[in-house]
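In terms of the numbering used here, the sequence shown opens at residue 535 and continues consecutively.
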Amino acid sequence: MKYRETVVKQISRFFYHYRLFFLLLSLTFSIGCIIGLKKIDFNGDVAALYALESDEFKNFVAVEQEIRDQRNIVFILSPADKNIFTKSYLQVDAFITDELEKLDMISSVVSFKNFQRISAKNDEIDVEALYDDITSLSENQLADIRYYMTQESGMAGDLVSSTGDVGIIVAAVNSEEYTTAMSISEYAKSTDRKEDLDKIDRAAIAAREIKSKVKALHSDMEIYLTGLSVEINAFRELSKQELLTFGPIVFFLSALCISVLFRSVAAVLAISSLVLLSTLSAMGIMCWQGLSFNLFTIAAPCTVVVIALADSIHLLTNFFQHIANGSAKDEAMMKAIEINLMPIFLTSMTTIIGILSLNYTDTPMIVEFANLAAAGVIIAFVFTMTYLPSLILFFDFEKNETSNKFNTVMMKLGRFVIDNRFFCLSSMAVLIVFSLTFLHKNYFNDSLLVYFDDSTEFRQAMEFAGENMQGALYIDYLFDSGEENGVFDPKFLQKIDEFANWYEAKPQVLKTSSYLSSLKEMNYLLHGSDENWRVIPESKELASQYQLLYDMAIDSSDLPVQFHNNDFSKLKLHVPLKNISSPEFFEIYEDADRKLKSSYPEIYSEGTGISVLLAQQGALIFSKCLESLPIVILLITISITLGLRSVLFGTLSLIPNIFPALVVFGLWGLFIREINQASVIVFIVTVGLVVDDTVHFLTKYLFYRQQGENAEEAILKTFTAAG
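See the structure below:
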């Protein structure tokens, strides 16, 4: 023990005697890191939410490679009179279409203006515009357009609601193809991908500008923007907004806390500068590595702020206490460093253990958050031991009443706890047991919508879409016929049609979309527009001829959505769902998976899509965090045991380290119940942060016990010294 005390004293003296060198070194290091902030970028790529090399993500990419999933922008329009078949609406539709087609990043647009009306006579296909001139349209012509779009064309539920009160305009954004020459991880970090995301971002911004122009002229019309491009941009904007909003708020609250605690301008300036430099340095390191801030990594700076604030408060609390006891500032700082070096090092190490355990999830965003936060914790520790003492000693301090008042309050608290220890223990036990009884009430519910506040335009748009036409949730299937031109086989198509009908019978499912729609429409048209013939063609040859006629009439390769691959061997089924919870989503997904395996094993395909990935990834993260939690707790306990040189106190530390987080999640189960990926991450990080209080209390208690104090006096002094 004496040897360890000697080593701590030597390290403390080393930091103290070379404080000017460390001050300059810290500032130089910070400046070098902060320069990297000029490269700061925000990434809204939803692909970064998933484990890139996982089987689930590879399946998702495989579908994209076979049938390109366009990065669409979708305008959803709802006029005040609930009727889109008016001249006024068609003019808005034409204006948006023209504006979109002017954009170089838009490859195609599907709307009423450029919709091709297909008709057939004597086995000949005739294609014409939906209308010629808006101003000359009569009421009868508008009624005819309504009937065609809602009854005959098969577009009800795709381009127009079945009741004619909501319309859609779909624009496809040019985006780069994923090449199999590179791994998925390499592609995610490639220049092509970054350029692709930048193009998507510019397209979404342009779409919002078009929306603003329309709203300025038609304020009574509700306009919503959805689609994958808008979704990616929304995540990017949310990341930027959260960092630029909550970062300053957290920093301001930190400064306010310091000023109230120490009543010292010098302390406020010193700690605030340490917190700022630690946070910006960690962010700068991330930028130098070429990484972008996203929905998860924006939480890392706030984590670093908390750690840096805690470290510096612990140090300066003891410093001001020694000043209040009459020590000179040099002596006071020397003693403060000596008593805090080991506990701050130990808390930093245990916090890093907790945070780095998130690397086990293999999720890019979460791994980047963990590494950034861990780097910030290391920087905060080094700066607290070097930069802060060097800076604070430039100021003069006199004995003041603030420390005495703080000591008095803490002594009273300590005395209350000692005198009422049975009450405190029993109360905490009751709270713990009460909270744990509601722990099982929590259930996993993770959708893209939960990351956006109710007031955001994107969430409002997705909620409206989910209740009306295009769901925020969806499942995609890629069915393989096993041969070229196999998608024309009626038997193959019939199985998919039956599966689609099975899906549409569920109340949570909206209208499915697939290649079947165009084939049925052609069959309907070429049989005198008889509804009895809106079915799958009876032969492979006939289906193939219909496809040829359809391609001659409309260049389907330019459509924003594709439903078959190039050699017509595979067919895609798109299943949109209403806004439902993750448990409901999983129930439908697993039910459909069982249906395919039991009824159509020969065409079995695993469902995929962003919604499926998010649900699967969320459940995977939840399970992996639970798997890693015992290891994290074990490593933290071992670290505390070694640091304190006491198996007894190392074991006792389990109680204050684990139960606070469990109590919070128990109460969460009582009042809120829903948890998501972010909640799980907060739980893991909380376990690492709570250790700070435990370590500082136990180390200082043992310090005073070694000084000859009895247990009661040691506890009272610990209350004032722990900070």
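All C-beta atoms in this analysis are idealised placements derived from N, C-alpha and C, irrespective of residue type, glycine included.
Take residue 886 and list the residues in its own chain whose beta-carbon comes closer than 8 Å to its own, dropping the five residues that flank it on each side.
Indexing the sequence shown from 1 puts residue 886 at position 352. Same-chain partners within the cutoff: 908, 911, 912 and 1222.
Three-state secondary structure assigned by DSSP to residue 862:
As a working note, residue 862 is residue 328 in the sequence shown. Of the three classes helix, strand and coil, the one that applies to residue 862 here is coil, per DSSP.
Taking just the CA atoms, how far does residue 1147 sit from residue 1040?
Locating residue 1040 in the sequence shown gives position 506, where the first residue counts as 1. Locating residue 1147 in the sequence shown gives position 613, where the first residue counts as 1. The alpha-carbon atoms of residue 1040 and residue 1147 are separated by roughly 22 Å.
With a threshold of 8 Å, are at least 3 pairs of Cβ atoms found where one atom belongs to the region 632 to 642 and the other to the region 670 to 686?
no
Could you round the C-beta distance between residue 1009 and residue 1152 to whole angstroms and report it? I think they count as a contact, below 8 Å.
Here the question's residue 1009 lines up with position 475 in the sequence shown. Here the question's residue 1152 lines up with position 618 in the sequence shown. Not a contact, Cβ separation roughly 16 Å.
Can you find the residues in the same chain that come closer than 8 Å, C-beta to C-beta, to residue 662, ignoring five residues on each side of it along the sequence?
To locate residue 662, count along the sequence shown from 1; it is residue 128. Excluding residues within five positions, the ones whose Cβ falls inside 8 Å are 650, 651 and 653.
Three-state secondary structure (DSSP) of residue 665:
By one-based count along the sequence shown, residue 665 stands at place 131. Coil, per DSSP.
So, under 8 Å CB-CB, residue 576 and residue 1143 are touching, yes? Tell me the CB distance rounded to an integer number of Å.
Here residue 576 is taken as the residue at index 42 of the sequence shown, counted from 1. Here residue 1143 is taken as the residue at index 609 of the sequence shown, counted from 1. So it is not a contact: roughly 24 Å between Cβ atoms.
Residue 624 and residue 646: beta carbons closer than 8 Å?
Position 90 of the sequence shown, counting from 1, holds the residue named residue 624. Position 112 of the sequence shown, counting from 1, holds the residue named residue 646. Yes. Within cutoff.
Should residue 926 go down as buried or exposed, given a rule of 16 or more other Cβ atoms within 10 Å for buried?
For the purposes of this step, residue 926 is taken as the residue at position 392 of the sequence shown. Classification of residue 926: buried, given that the 10 Å Cβ count is 16 or more.
For residue 942, the nearest candidate out of 1128, 626 and 1255 (CA to CA):
Locating residue 942 in the sequence shown gives position 408, counting from the first residue. Closest by alpha carbon: 1255.
Nearest to residue 1145 (by Cα), restricted to the options 1117, 561 and 548:
Position 611 of the sequence shown holds residue 1145. Of 1117, 561 and 548, the residue nearest in Cα terms is 1117.
Suppose you measure from the CA of residue 915 to the CA of residue 794; what does that come to, to the nearest Å?
Working through the sequence shown from its first residue, we reach residue 915 at position 381. Working through the sequence shown from its first residue, we reach residue 794 at position 260. One C-alpha to the other measures close to 23 Å.
Is it true that the CB of residue 770 sits closer than 8 Å to the CB of residue 578?
Start at 1 with the first residue of the sequence shown, and residue 578 comes out as number 44. Start at 1 with the first residue of the sequence shown, and residue 770 comes out as number 236. Yes, they are a contact pair.
Give me, in chain order, the residues of the same chain whose beta-carbon lies closer than 6 Å to that of residue 1055; leave out the 5 immediate sequence neighbours on both sides.
Working through the sequence shown from its first residue, we reach residue 1055 at position 521. Once the five neighbours on either side are set aside, the close Cβ partners of residue 1055 are 688.
Are the Cβ atoms of residue 1070 and residue 1044 separated by less than 8 Å?
Within the sequence shown, residue 1070 is the residue found at index 536, counting from 1. Within the sequence shown, residue 1044 is the residue found at index 510, counting from 1. No, these two residues do not count as a Cβ contact at 8 Å.
Which residues share a DSSP beta bridge with residue 659?
Stepping through the sequence shown from its first residue, residue 659 is reached at position 125. Beta-bridge pairing links residue 659 to 654.
Whole angstroms are fine: how far does the CA of residue 1227 sit from the CA of residue 544?
Here the question's residue 544 lines up with position 10 in the sequence shown. Here the question's residue 1227 lines up with position 693 in the sequence shown. Between residue 544 and residue 1227, the C-alpha separation is close to 25 Å.
On the premise that residue 905 lies in contact with residue 1115, defined as a C-beta separation below 8 Å, what is that separation, rounded to the nearest angstrom?
Looking up residue 1115 in the sequence shown gives position 581. Looking up residue 905 in the sequence shown gives position 371. Incorrect: roughly 32 Å between the Cβ atoms, too far for contact.
So that I know if they touch, is there some Cβ in chain B lying closer than 8 Å to that of residue 765?
The structure shown has no chain B; it contains just one protein chain.
List, from N- to C-terminal side, the alpha helix (DSSP H) runs of 4 residues or more that fit wholly inside the region 1072 to 1124.
1074 to 1087
Proximity below 8 Å, CB of residue 701 to CB of residue 627
Taking the sequence shown and counting its residues from 1, the one referred to as residue 701 is at position 167. Taking the sequence shown and counting its residues from 1, the one referred to as residue 627 is at position 93. Yes, the pair counts as a contact, with Cβ atoms nearer than the cut-off.
Three-way DSSP call (helix, strand, coil) for residue 1240 in this model:
As a first step, residue 1240 is located in the sequence shown; it is residue number 706 there, counting from the start. Helix.
Cβ-based burial, residue 733 [other Cβ within 10 Å; buried from 16]:
Position 199 of the sequence shown, counted from the start, is the residue given in the question as residue 733. Counting Cβ neighbours within 10 Å, residue 733 comes out buried, since at least 16 surround it.
Thinking C-alpha only, which one of 948, 831, 766 and 1026 is nearest residue 1138?
Working through the sequence shown from its first residue, we reach residue 1138 at position 604. Among 948, 831, 766 and 1026, the Cα nearest to that of residue 1138 is on 1026.
Using only the alpha-carbon positions, how far apart do residue 691 and residue 1225 sit?
Within the sequence shown, numbered from 1, the residue matching residue 691 stands at position 157. Within the sequence shown, numbered from 1, the residue matching residue 1225 stands at position 691. Residue 691 and residue 1225: Cα-Cα distance of roughly 54 Å.
Around the Cβ of residue 613, are there at least 16 other Cβ atoms within 10 angstroms (buried) or fewer (exposed)?
Residue mapping note: residue 613 aligns to position 79 of the sequence shown, counting from 1. Classification of residue 613: buried, given that the 10 Å Cβ count is 16 or more.
For residue 1210, the three-state DSSP class (helix, strand or coil):
For this step, residue 1210 is matched to residue 676 along the sequence shown. It is coil, neither helix nor strand.
N- and C-terminal bounds of the beta strand (DSSP E) containing residue 701
On the sequence shown, residue 701 is found 167 positions in, with the first residue counted as 1. Its beta strand (DSSP E) spans residues 701 to 707.
Spatial neighbours of residue 1029 in its chain, beta-carbon cut-off 7 Å, leaving aside the 5 residues before and after
Taking the first residue of the sequence shown as 1, we reach residue 1029 at position 495. For residue 1029, where only same-chain residues beyond five positions count, the Cβ hits under 7 Å are 1134 and 1137.
What's the gap between the Cα of residue 947 and the Cα of residue 1006?
Working through the sequence shown from its first residue, we reach residue 947 at position 413. Working through the sequence shown from its first residue, we reach residue 1006 at position 472. Roughly 52 Å between the two C-alpha positions.
Which residue or residues does DSSP assign as beta-bridge partners of residue 612?
Within the sequence shown, numbered from 1, the residue matching residue 612 stands at position 78. DSSP output for residue 612 lists 756 as bridge partner(s).
Can you find the residues in the same chain that come closer than 8 Å, C-beta to C-beta, to residue 541, ignoring five residues on each side of it along the sequence?
The residue labelled residue 541 in the question sits at position 7 within the sequence shown. None.
Hey, residue 707 and residue 763: beta-carbon distance below 8 Å or not?
Within the sequence shown, numbered from 1, the residue matching residue 707 stands at position 173. Within the sequence shown, numbered from 1, the residue matching residue 763 stands at position 229. For residue 707 and residue 763, yes; Cβs fall inside 8 Å.
Sequence-distant residues of its chain with Cβ nearer than 8 Å to residue 1019 (five each side left out):
Taking the first residue of the sequence shown as 1, we reach residue 1019 at position 485. The residues are 1074, 1078, 1101, 1102 and 1103.
I need the straight-line Cα distance from residue 559 to residue 811, nearest angstrom please.
Taking the first residue of the sequence shown as position 1, residue 559 is located at position 25. Taking the first residue of the sequence shown as position 1, residue 811 is located at position 277. Those two C-alpha atoms are separated by around 13 Å.
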